[in-house]
Amino acid sequence: MSEPIPALIMTPPAGVSPAEGWVARGRAAASRDLVRLLCGCDRIGPVYVLAAEPDDRQALVSLGAIAFEPPSDIFHFGHALAAFLEWSGVDRLAYFGGAAAPLLTEALLREAAIRLDELRAPAAVVNNYHSTDWALIGEAQRLTGLASALPNDNPIGWVLSQDAGYAVAALPASAATRADLDTPADFLLLSGHPQVGSEMAAFLREAPAELLAMVESIRQVLRTPASTVTIIGRSSSHLWQSLERRGQIWVRLWVEERGMVASGRLARGEVRSMVGEMLDSWGAREFIRRLATMTDAVLWDTRVWMAHRGDWPSVGDRFAADLGWAEQVADPALRDLTTAIRAAPVPILTGGHGVVSGSVFALVETFGPA
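Sequential numbering from 40 applies to the sequence shown in my numbering.
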C-alpha cells in the first residue's frame, strides 16, 4: 500500500446576510464531519485546513486538522493552493472543499486512492470532471504553475487534463461523488439520506419546516408512477437515467450550459439560455404559471438564468431566493421570480448545479436500493 495522501480542506467566509449565515452553519457542520472521516482513514493524512473563519479553523483543528494560513489576505483559489503546496512540499494531495463531500465514505476514499495509484503519471482522480469539488492529485507540485487558471476549484479536472496533460479519471456519478453543498437546496436534498454525518444530521433537524416539507413533496412526486418532474439547468443523462430506473415517472429535461464555469464561458459573459429568453419575454409570473401546468414538481438550476442575464445577484440574494425569502432579495428580477415561485401550485426548488445533479442523486437514493 502506498503512503497516505496529505489532505487539504478549504472553507469559505461565512457572509453577512441571514441566508448566508444559514448556509455557513451547514457548511461548518459538513466540514466537521469531513475532518472526522479523513482523520480516521489510513489512506489519508495528515489533514490540513485553510479556513476563512477563525471559528471554523479552531473547530477543525480541535478535531485533528493542521491549520494553514496563506500569506495573502486577498483570496484566490489557485494562488492559495500554490502557496500551500510550496509551504507543505507535498507531492500528492487530496483536495476538498469544506462542504464538497457530505456523503463521502471511507470505502470510496480508498477506491479513489487505489485508482490514482493505477493511473499513468501524472494523474488525478476527481469527483466530477466538468465541475470538480474534490480531487486526489499526483505530482501536485505541478499545480503551482497553473495557479492563475484556477479562480476556484471547479476547473481542476479540466485544467489538469487540457493544460497540464494529466490522465484524469472521474469517479462514477452518485450522491457520494456529486453531492456538494453550494446552495441551500443542496442541504435540504440531503434530508433522510443514510450516509449523512452526525453533525449534518443535527443541522438538518433544525432546518425550516416548510422547506423540508417542500423536499418531501418533491420526493413523493418522484416516487409516484405517471407523475411528471421538470429538471432545468446543468443536468446530465446520468440523472435522467437514475430517475427512470427508480420510478415510473415522466421527466421534462431542459439542459443548458453544462461546464459554463470550468470552460470560462461564465467569466467571459458568453452564457446563453433559451429558458432565460422565455422568462425574459413572458415575465416571472407568466413563466411560472405556464410551467406549473406542465409538471408536478420542478428542480431548477437558476444560476444559468442569472448568468444569461449578465447581472449576477449577490450571494445573499441568491441564497435568500433559494430559501424562498423574497423579502430579503434586493435584485428586482430575482425577487419577482422568487415571489412567483412561492405562489406556484407545484413545488419548485431552486439552487445551483447541485439541485439538478449530485443533490438529486442524494434524494433519489433515499428511495432505497434500485
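No residue lacks a Cβ here, since even glycine has one placed at the ideal position from N, Cα and C.
Contiguous beta strand (DSSP E) elements confined to the region 244-276 occur at 267-272, taking only those with 3 or more residues. Annotation for Arg324: the continuous alpha helix (DSSP H) segment containing it runs 323-331. Of the residues assessed, Ser41 falls on the exposed side of the cut-off, its CB having fewer than 16 other CB atoms within 10 angstroms.
The C-alpha of Gly363 lies about 20 Å from the C-alpha of Asp219.
Around the beta carbon of Glu316, a 10 Å sphere encloses fewer than 16 other beta carbons of the protein chains shown; the residue is thus reported as exposed. Going by DSSP, Arg149 is part of no beta strand (DSSP E) but of the alpha helix (DSSP H) stretching over 145-157. In terms of CA proximity to Gly349, Asp370 leads the group Trp339, Glu366, Cys78, Asp370.
The alpha carbon of Val55 has as its nearest neighbour, out of Pro85, Leu210, Ala359, the alpha carbon of Ala359. Contact between the region 268-279 and the region 334-345 is present, with at least three C-beta pairs closer than 8 Å. Here the region 141-158 lies against the region 197-213, with 3 or more beta-carbon pairs under 8 Å apart. In its chain, beyond the 5 residues on either side, Ala336, Pro386 have a beta carbon closer than 8 Å to the beta carbon of Ser256.
Shortest Cα-Cα distance from Asp81 to any of Arg66, Leu148, Ser101, Leu73 involves Leu148.
When Cβ pairs closer than 8 Å are counted between the two stretches, the region 137-145 is seen to touch the region 70-89, the count reaching three or more.
The alpha-carbon of Leu99 is positioned some 7 Å away from that of Val74. Rounded to whole angstroms, the gap between the alpha carbons of Phe400 and Leu376 is 26 Å. Bounds of any alpha helix (DSSP H) do not take in Phe135; it lies within the beta strand (DSSP E) bounded by 132-136. In its own chain, leaving out the 5 sequence neighbours on each side, no residue places its CB closer than 7 Å to the CB of Glu366. Note that the C-beta distance between Ala212 and His277 is below 7 Å.
DSSP, reduced to helix, strand and coil, places Ile195 within a helical segment of the structure shown.
CA-CA distance, Leu185 to Gly103, rounds to 30 Å.
DSSP, read as helix, strand or coil, puts Pro85 in strand.
Judged by their CB atoms, Leu132 and Ile176 are nearer to each other than the 7 Å cut-off. Here Asp94 is exposed, its C-beta having fewer than 16 other C-beta atoms within 10 Å.
Pairing Glu59 with Gly355 gives a Cβ-Cβ distance under 7 Å.
Between Arg217 and the set Gly393, Phe116, Leu402, Val403, the nearest pair of CA atoms involves Gly393.
Taken through DSSP and simplified to helix, strand or coil, Trp61 comes out as helix.
Excluding the 5 residues flanking it on each side, Ser237 has same chain C-beta neighbours closer than 8 Å at Asp72, in chain order.
Bounds of the alpha helix (DSSP H) holding Asp95 are 93-101. In terms of CA proximity to Ser101, Val86 leads the group Ile113, Asp130, Val86, Asp112. For Ile176, the three-state secondary structure derived from DSSP is strand.
Around the Cβ of Arg291, a 10 Å sphere holds fewer than 16 other Cβ atoms; the residue is exposed.
In this structure, Thr222 lies away from Gly84, with their beta-carbon atoms at least 7 Å apart.
Here Trp364 is not bridged, per DSSP, to any residue. Counting the other Cβ atoms within 10 Å of the Cβ of Ile195 gives 16 or more, which makes it buried.
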